[in-house]
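Letter by letter, the sequence shown follows residues 1 to 1220 in full-length UniProt numbering. Cβ atoms here follow ideal geometry from the backbone N, Cα and C, with glycine treated the same way. Note that the structure is predicted; figures quoted are calculated from it, not measured. Single-structure report; data block below.
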Amino acid sequence: MSKKPNRPYFSASIEHLENLYATQGTNVSVLRAIAQELSHRQTVRAAALNANVTRDMKNNVPARPDAKSSAASDTPANTFPSTTQAGTPATSTRITVHDSTAAAHHVGESPTTPAALSASSAPPPTPEASPFLAPDKMPPPSRILAAWTALEALSPQAFKKPEDLVNGDPACIAQLDRGLPWIPPGEKARPKTQLHYQVVLGSISMAKATDAMVAAFGENDEQPSRQGGIAAIATLLVDRHGILLAENCIGLSSFAWALPLALQQRLDVLGTWACVERQTAEALEKMLRKTDEDGTPLPLTHDDIMAAFGWLTQRFAIPGDMTIPPTFAVRVYHYYKAQNPPEPLLLNSFFLHDLGRCLGQSQQDDLPKGLRRYLGVEAPQSPPDLLTDTAALEQAISPAMMPPARWPSPGGHPLVTLQQAAVNLSRKELGPNGGILAVNGPPGTGKTTLLRDVVAACVFDRAVVMAGFDNPVSAFTPSGEKIAFGGGAFYHIYRVDSRLKGHEILVASSNNKAVENISRELPALSAVGRSPDELRYFKTTSDRLQQGSAGGNPWDGDGSPAATDVAAPVETWGLIAAVLGNRANCAAFQKAFWWDKDCGLAGYLKTAAGKPQQIPVLDPKTGNETGQRPPRIVEEERPPTPQLALAQWKACKARFLALKGDVESELASLEQVRQCCLRIPAVRAKHAQLREAHAQFAAQHEQAAAVRDACIADADAARQTHERQASVAQHHRLTRPGFFSRLFRTARWKQWAADNEALLDAVAMALVAVRDTEQARTQAVAALNTLADQLRSGEFALDALARELSELERQVASWRSTLGESMVDEHFFRADHSAINLAAPWIPASLHKKREDLFIAALDVHRAFIDVSAQKLLHNIGVLTGFMSGPVQDPEKRALLGDLWSSLFMVVPVVSSTFASVERMLCDLPPESLGWLLIDEAGQATPQAAAGAIMRARRTIVVGDPMQVPPVVTLPQRLVESVCRHFRVDPLQWAAPEASAQILADRASNFQAAFAADPEPRRVGVPLLVHRRCQNPMFGISNRIAYDGQMVHAPAPCRPCAVADTLGSSYWLDISSPSSAKWSAAEGDMAYGLLQRLADAGITAPDAFIITPFRNVSSGLRRAARERNALFTALRADPKEWAERRIGTIHTFQGREADTVIFVLGAPGTAEIGARMWAGNAPNILNVAVSRAKRNLYVIGSYDAWSRIGHFAALADALPRVRT
């Protein structure tokens, strides 16, 4: 056998080479070896790395002087780390086997054994060079993310038995004590699969680990569940011959590393798992990769497996009494055409990798806007309270903010005030810049109804962009990348025009049922108010998706059998949404949506692209082919020819744009009416103000006229006086004495002169009076004229305002008959609380229908766009279905994932996933690649669960209710608090169960509402207040204890109820029980006594739950159910199934509802006062319990023990007490 070329890093990945350069870049020998390998590689990343290496070598970078570098300088890739840390004695056996980079070396002397490894007592490893700062030097968002990372590192994926790892299929488990399955002759793969093995390198007993954590940190009160089972320590991924895969072959458990550190109170390094994982995986891979003398890789042996187990348990310092040695491997049947190899089993928290990405972005101050808001970096400034700020609410429901398109709802019912405000604000607030908006949606308030309109608006937005293309084909440009898919054919990858991106919708939640419900409800025919003739969008494929995963391609993505679809198929109207997320869902989607030969979209696109499809017709008895026919999707959906498709595109586009113009014109008219409504109070106020001013001017004018008249009279009198005085003075001058009298100054002269002087003075004074009175008269006349002008101007202004007011009122009146109570005028907010919230603002029924028609036209535009660009979408979606099996290794193709996903979203606008599956499904998508993220039931999600999804979305709408069940936390509360304190993070603000994704989003929202609460008001996002699910007294109790009495009751009319007829209306059955524990057998007997009365009345299969706050009570009730076969026979129910599905703690019934709830309280004894206080101090437990019941609530328990406990006092007030 020929030897491989002497290239030490021949099999090393580019990522491995980059990490090696980063950690040993000062070692000349290592640089030379890297440069040698890079000279054989042509990728962009290889060229970039080669440039850096060449530069450093030219600069004569010296080798590091430490011993590690010296050792590495001779054989950089072939010396493997011992299990010791610095300062600890070396073991007697040194591992010298070769890794995948070795070219032609012999295997080392002997495998390292567990016994040899146990000679060392090294502590759990910490990063050799951590990129993370100390908590006191981290910015606040980094501290939060590091604390979340630490908590998730302590949260493994546990399993009870090996087959749990493969959907319960024991045939996929190979027991190692029967021999390694790859030992020749080996095993055969299943048809159309490649066989791989996941070797589980031992495990940890979760019971013992939990006991140790409880001993160290204490136990949570009534924690919903203590995690049981076992958690794998690590996995090795090998091919059918037992040889490690070239890439991504090792999976490590963060829990195995973090548990000993937590028990030792070494919380400082728990946020650095990403570094430890990489370094440990590299060391383990070096230890296990072996070649023979010809350089051929050797398979793993049993000794190798045990050595690796021993090395890891010693390296992580896992207590020996907790560990279980390796005993099995998992058979992985990977689809033979898959573009990527299988991934190692998921051992860790679903969120660790994403949290690492977010932390890295935070350290670089490069967090996306949504995360910046979520983590409090950009806090809202004085957000308006929509329950008290009517101006903010009025603007939020304005026609100008309403989406032109809406969902065609059953019955045509419009959104009510706050629902419409939430939809409108989602567009205004998030818009092109993105961000996050919270919606507070208690049970029964129409959250799904609201989300439907958000979906309709997004579909419309993309249709507007699509309509901008003369030819849809021009929206796609070749990338130069392609994927082989057999027979010498290729799928080419096309870049998608950036304008078509940003409209993708991902629905996510921690609650798997919640996201599946949304994605299954949206396509259902019952979800729309139009017939299939009016609204149809790839119905053939949509119906096939609803039918489950029967038929189609056998590959499920990871080789394990596809999950059985238990949801009853329903008739659909179109392919508006799909359930993705986990591997089984993705596999079922691929089979039905793409691979199904009869109904899959691939056949449609091929036909539309000009390649007509035929499938065989089989004889039902013999199975022989009797002919061929077109696939059902071709017959039912009728794809046009390429020539006809372009003509249909132009026609669809024209219809859409015409209807869009019509709707937008009507909305603009309504906005004008709104402006009139807003203007009327201002005009009326100004008119009143001017009228008052005019009256004042009139009074002043009257006064001024009197002043003028007086001034005229004074002037006339002064003039007459002056004339009289002048006449007297003139006459006096005629009596002047003669010359000699003046000469001799006789007495007569003197007297005359004196009199003359007095007369002249009088004349002068009269003249002054004339001038003064004339001036006063002039001023009075001027003042009067000014007032007259003002009076005339005022009259003109009053007339103008009166005319404007009349015209405004006329315009409003012309619409009032059309809009009725929908008109948001000056009277709207004077109505009572219920009327305001039950109103449907602004839009008349006729326009609602046009908006629904516009949504249908938008889907027609999508359909026509798809038809024209069928060949491009066929290739892009075909590539994406292949990539769904795992991370894309090729960086050039990985960079195009956004284009591939955008292509799928063009066809399927909404995709759902649990948070747990987001990272695996969308792992390589960069930040803000998705247009919209809709989070449902966010009150149940831990804050960190949503981080990765928010990171990938430009806009996030978070819907949930903090008054429901809080997030489940399995870690001891003291451990959570200790981790948070170490990272200087307030656990009440940032860690579950006190904090949730909903609470963080509420805090981040620019629009909020406040509910009265103790000790301070509880602030939430945009509130939904109209409750339509529960009858009283359940609604009243919930409204009182959780929602400050603000909820509005609007249920459907009560129907006759056989349960109420038999048991009576809701009440509290007061029972005194001698039990000193939480479980009271007497209370259980009473609960089943109620069911017995129903059975005796002939009622079968009642829609009822039996719920309780406590696990012990739930267990007792389930045991009691299994002992009552006769009762359940009479009820026509299976006792085991009934116990599993209809009995449980309150936590297990979040998001579910039934006509009747039997609420068994338990904990009657004095010693259980702490348990009762736990259940009653916060409203959540009671709120969830009563809001599960739509019609009847029967409470069983000690009235004296419970009726004065916290919020249970409200329960006692609302229900009649029935003593037993």
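Would you decide whether residue i is buried or exposed? Buried here means 16 or more other CB atoms lie within 10 Å of its CB.
| i | result |
| --- | --- |
| F740 | exposed |
| L644 | exposed |
| H833 | exposed |
| I866 | buried |
| V488 | Sequence check: residue 488 is Gly here, not Val. So G488 ends up on the exposed side. |
| T193 | buried |
| M1047 | buried |
| G820 | exposed |
| V1022 | buried |
| V166 | buried |
| T313 | buried |
| N1125 | exposed |
Which residues in the same chain as residue i place their Cβ atom closer than 7 Å to its Cβ, once the five residues preceding and following it in sequence are excluded?
| i | result |
| --- | --- |
| A698 | L791 |
| V910 | V455, I505, V507, S519, L522, I576 and A577 |
| I324 | G202, S203, S205 and I230 |
| L430 | L437 and R955 |
| N876 | I493, Y494, D899, L900 and S903 |
Which of helix, strand or coil does DSSP assign to residue i?
| i | result |
| --- | --- |
| F1035 | helix |
| G360 | helix |
| H848 | helix |
| D66 | Reliability of the predicted coordinates at D66 is poor, the pLDDT of 36 falling under 50, and no value is obtained from them. |
| A776 | helix |
| R1046 | Going by the sequence as given, residue 1046 is Gln instead of Arg. Q1046: coil per DSSP, three-state reduction. |
| S142 | helix |
| V570 | coil |
| V663 | helix |
| S834 | helix |
| I1158 | strand |
| P891 | helix |
| H732 | helix |
| A647 | helix |
| H694 | helix |
| W932 | strand |
| I1181 | helix |
| S509 | strand |
Can you find the residues in the same chain that come closer than 6 Å, C-beta to C-beta, to residue i, ignoring five residues on each side of it along the sequence?
| i | result |
| --- | --- |
| T942 | P967 and A992 |
| G1089 | none |
| R920 | none |
| K650 | none |
Can you check DSSP and say which residues form a bridge with residue i?
| i | result |
| --- | --- |
| L618 | E625 |
| R440 | Per the sequence shown, the amino acid found at residue 440 is Asn instead of Arg. G960 and P1023, per the DSSP bridge assignment. |
| R1217 | W1068 |
| Y21 | In DSSP, Y21 forms no bridge with anything. |
| A234 | L252 |
| Q1008 | D385 |
| H334 | Q194 |
| K482 | H492 |
Ignore the nearest five residues each way along the sequence and tell me which others in residue i's own chain have a CB closer than 8 Å to its CB.
| i | result |
| --- | --- |
| V1059 | L1094, I1099, P1102, A1104, D1155, T1156, R1191 and N1192 |
| A947 | L145, W148, F351, D354, L355, C358, L371 and Y374 |
| I836 | T417, F828 and F829 |
| L801 | V683, K686, H687 and L690 |
| F490 | K482, I483 and A484 |
Does the ligand SAH have a heavy atom nearer than 8 Å to the CB of residue i?
| i | result |
| --- | --- |
| D596 | For the structure depicted, the ligand SAH is absent and the ligand set is empty, with no information on it obtainable. |
Can you list, in chain order, the stretches of the alpha helix (DSSP H) that have 4 or more residues and sit fully within the segment 945-978? The segment 945-978 contains these whole alpha helix (DSSP H) runs: 947-952.
Quick check for students: name the residue ranges of the beta strand (DSSP E) that lie wholly in the segment 1084-1140, counting only runs of 3 or more. Runs found: 1104-1108.
Where in the segment 279-351 do unbroken runs of the alpha helix (DSSP H), each at least 4 residues long, occur, reported from the N-terminal end onward? Whole alpha helix (DSSP H) segments, 4+ residues: 302-316.
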